[in-house]
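Novice:
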Amino acid sequence: MHIPSYPLIKRQQTAFQIAFKQAGRDFLRFLKYLFISLLSTVLIGLLSWRGYHFYIEHFQYSTPTKLSRTARDCLRGAYVRTKVSPDSHMAEIYLRQALQIVLEQDKLELNDPIVIDILQLLGDNHIWRGNLHNAIMQYKQILELLLQQPLKERGKEIEIAKKLGDLHIRIQEYNIAEKYLVWAIGLLQGNKVELLNENDESLEFTTTSIFTKSSLINKDFIAITDLLAGLYAKQRKYDYALTLYLGLLKVIQEKKEIGDFTLKCWEAIINGHLGEIFYDIGKYDEAMGWLQKGLSIAKNDSGNKDCDECAGVILNNLGLIHEKNGNNDLAISLYTNAIEFAEKAQDFIGIEDFTRNLNRLQLQEDNEMIKEQK
Numbered sequence: 001m002h003i004p005s006y007p008l009i010k011r012q013q014t015a016f017q018i019a020f021k022q023a024g025r026d027f028l029r030f031l032k033y034l035f036i037s038l039l040s041t042v043l044i045g046l047l048s049w050r051g052y053h054f055y056i057e058h059f060q061y062s063t064p065t066k067l068s069r070t071a072r073d074c075l076r077g078a079y080v081r082t083k084v085s086p087d088s089h090m091a092e093i094y095l096r097q098a099l100q101i102v103l104e105q106d107k108l109e110l111n112d113p114i115v116i117d118i119l120q121l122l123g124d125n126h127i128w129r130g131n132l133h134n135a136i137m138q139y140k141q142i143l144e145l146l147l148q149q150p151l152k153e154r155g156k157e158i159e160i161a162k163k164l165g166d167l168h169i170r171i172q173e174y175n176i177a178e179k180y181l182v183w184a185i186g187l188l189q190g191n192k193v194e195l196l197n198e199n200d201e202s203l204e205f206t207t208t209s210i211f212t213k214s215s216l217i218n219k220d221f222i223a224i225t226d227l228l229a230g231l232y233a234k235q236r237k238y239d240y241a242l243t244l245y246l247g248l249l250k251v252i253q254e255k256k257e258i259g260d261f262t263l264k265c266w267e268a269i270i271n272g273h274l275g276e277i278f279y280d281i282g283k284y285d286e287a288m289g290w291l292q293k294g295l296s297i298a299k300n301d302s303g304n305k306d307c308d309e310c311a312g313v314i315l316n317n318l319g320l321i322h323e324k325n326g327n328n329d330l331a332i333s334l335y336t337n338a339i340e341f342a343e344k345a346q347d348f349i350g351i352e353d354f355t356r357n358l359n360r361l362q363l364q365e366d367n368e369m370i371k372e373q374k
């Protein structure tokens with residue numbers, strides 16, 4: 001018996017089924033584009049990140065090529081968090097990670113110059129965060145490591161000794177500060193290199209003897225001697241301080257006579273310090289003379305950060321003197337001018353201090369005016 005065959009009849013799709021299939025295709029297309037977009041974003045982000053590291057490496061902060069890539073990335077990260085987008089806590093994390101990598105993976109010795117540089121960055125970070133005692137311990141470790149190295153140029157040791165002197169001044173350990181600064185001056189003048197023992201008696205030293213080797217007098221010498229003179233001024237050892245400041249001024253002027261004009265700002269700074277000392281000992285006319293001379297020198301080289309910062313400090317000091325003498329209008333003008341120079345120099349501490357003086361005096365003037373009107 002023959003059974004006739006009939007063509008299969010396709011079941012007609014409902015509108016819902018058609019819409020569901022279309023939605024599925026659209027969803028797959030969406031996932032495809034989403035994946036491509038995410039992949040592109042990741043690739044662009046990765047390229048941007050590596051490109052930024054490349055830019056920093058070649059144009060801002062070159063890292064040692066013998067280190068692993070991870071260590072170098074950490075050092076660049078610390079640089080960004082210190083200079084570009086400041087965050088002291090994150091900078092410390094990057095530095096400690098870099099230190100761990102160079103010691104454990106790259107197998108560098110603790111007294112390797114690269115390791116010492118990282119330790120110094122950690123010390124600087126402690127200062128930034130206000131951990132002065134931790135900074136002192138860090139710099140002392142660095143100094144010990146530096147002195148283990150073969151005899152060479154001692155510039156790094158001098159720099160660290162200066163930092164230690166400055167830090168001990170800031171925590172008011174003046175005797176220890178003096179020892180580090182005198183020791184640093186001795187290194188500059190070619191003295192035998194031995195690790196300083198803070199418990200030893202004070203080093204033999206006279207304030208005039210340090211100027212005997214004029215060929216060794218440079219900016220480091222001037223900066224350290226200026227710091228030492230400032231230490232003596234804080235202790236009211238004015239004879240010592242004056243001898244050092246006047247000696248520095250004489251050296252700078254002698255260098256100017258032979259055509260070296262690179263120390264102009266230092267000349268202004270030291271004139272300002274001399275003015276402060278003469279004011280403290282009650283010689284007000286002499287103080288004003290030194291301050292005005294320092295201000296004139298600093299203003300003549302405006303545009304130099306050090307000179308602008310110096311001008312701001314001297315103007316503020318002049319403002320304090322005139323305020324004390326009752327010349328409030330002149331004092332307000334001087335404080336305002338001091339703020340302008342501090343802003344030029346990006347001296348943020350100065351801006352804060354000078355603004356505080358200006359606001360205090362203006363408030364005082366306003367209150368007196370209100371009293372007169374009552």
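Residue numbers (full-length UniProt numbering): 1 to 374. Ideal placement from N, C-alpha and C gives every residue a C-beta, glycine not left out.
Please go through the stretch 287-354 and give each complete alpha helix (DSSP H) segment of 4 or more residues, from N-terminal end onward.
Specialist: Taking only runs of at least 4 residues, the alpha helix (DSSP H) segments lying wholly in the stretch 287-354 are 305-324, 328-345.
Novice: Measuring CA to CA, which of N300, S68, Q172 is closest to D106?
Specialist: Here the question's residue 106 lines up with position 106 in the sequence shown. Residue S68 is the option with its Cα nearest to D106.
Novice: Compute the Euclidean distance between the alpha carbons of P64 and R72, then round it to the nearest angstrom.
Specialist: Reading the sequence shown from its first residue, position 64 is the one you call residue 64. Reading the sequence shown from its first residue, position 72 is the one you call residue 72. Cα to Cα, the separation comes out at about 7 Å.
Novice: Who are the Cβ neighbours of L164 in its own chain at under 6 Å, not counting the five residues just before and after it?
Specialist: For the purposes of this step, residue 164 is taken as residue 164 along the sequence shown, with counting starting at 1. Closer than 6 Å at the Cβ level, and outside the excluded window around L164, lie Y139, Y180.
Novice: Scan the stretch 69-139 and note each continuous alpha helix (DSSP H) run of 4 residues or more that stays entirely inside, going in chain order.
Specialist: Those alpha helix (DSSP H) runs which fall completely within the stretch 69-139 and span 4+ residues are 69-79, 88-104, 113-128.
Novice: Would you grab the beta carbon distance between L119 and I136 for me? Rounded to a whole angstrom, and I think it's under 8 Å.
Specialist: By 1-based counting over the sequence shown, the position of residue 119 is 119. By 1-based counting over the sequence shown, the position of residue 136 is 136. In fact, because the Cβ distance is near 13 Å, the residues do not count as touching under 8 Å.
Novice: Could you give the distance in angstroms between the alpha-carbon of I9 and the alpha-carbon of K21?
Specialist: Reading the sequence shown from its first residue, position 9 is the one you call residue 9. Reading the sequence shown from its first residue, position 21 is the one you call residue 21. Here I9 scores only 49 on pLDDT, less than 50, and its place in the model is too uncertain to base an answer on.
Novice: Does chain B have any CB closer than 9 Å to the CB of L122?
Specialist: Structure shown: chain B not included; a single protein chain is present.
Novice: Since F341 contacts D308 with CB under 8 Å, what's their CB separation in whole angstroms?
Specialist: As a working note, residue 341 is residue 341 in the sequence shown. As a working note, residue 308 is residue 308 in the sequence shown. Their Cβ separation, rounded to whole angstroms, is 5 Å, which keeps F341 and D308 in contact under 8 Å.
Novice: Identify which residue in V115, T336, L315 has its Cα closest to the Cα of Q97.
Specialist: Counted from its first residue, the sequence shown places residue 97 at position 97. For Q97, the nearest C-alpha among the options comes from V115.
Novice: Could you tell me the distance, in whole angstroms, from the CA atom of I270 to the CA atom of L121?
Specialist: The residue you call residue 270 lines up with position 270 of the sequence shown. The residue you call residue 121 lines up with position 121 of the sequence shown. Taking the straight line joining both Cα atoms gives about 30 Å.
Novice: When the Cα atoms are used, what is the spatial distance from L318 to L110?
Specialist: On the sequence shown, position 318 is the one that residue 318 refers to. On the sequence shown, position 110 is the one that residue 110 refers to. Cα to Cα, the separation comes out at about 50 Å.
Novice: Work out the CA separation of F27 and R129 for me, nearest whole Å.
Specialist: Counting from one through the sequence shown, the residue named residue 129 turns up at place 129. Counting from one through the sequence shown, the residue named residue 27 turns up at place 27. Approximately 53 Å, taken between the alpha carbons.
Novice: From Q362, K305, N304, D306, pick the residue whose C-alpha is nearest to that of L330; which is it?
Specialist: Residue mapping note: residue 330 aligns to position 330 of the sequence shown, counting from 1. Selected option, being the one with the closest Cα: Q362.
Novice: Relative to the C-alpha of L246, which candidate in F278, I36, D117, D124 has its C-alpha closest?
Specialist: The count along the sequence shown starts at 1 and reaches residue 246 at position 246. Comparing Cα-Cα distances from L246 to each of F278, I36, D117, D124, the minimum goes to F278.
Novice: Can you give me the start and stop residues for the alpha helix (DSSP H) that N218 sits inside?
Specialist: Indexing the sequence shown from 1 puts residue 218 at position 218. From DSSP, N218 is part of no alpha helix (DSSP H); its letter is neither H nor E.
Novice: Provide the residue span of the alpha helix (DSSP H) that contains Q253, from first to last.
Specialist: As a position in the sequence shown, residue 253 is number 253, starting the count at 1. From DSSP, the alpha helix (DSSP H) with Q253 extends over 238-257.
Novice: Starting from L274 and walking both ways along the alpha helix (DSSP H), at which residues does that stretch end?
Specialist: By one-based count along the sequence shown, residue 274 stands at place 274. Looking at the DSSP string, the run of the alpha helix (DSSP H) that includes L274 is 264-280.
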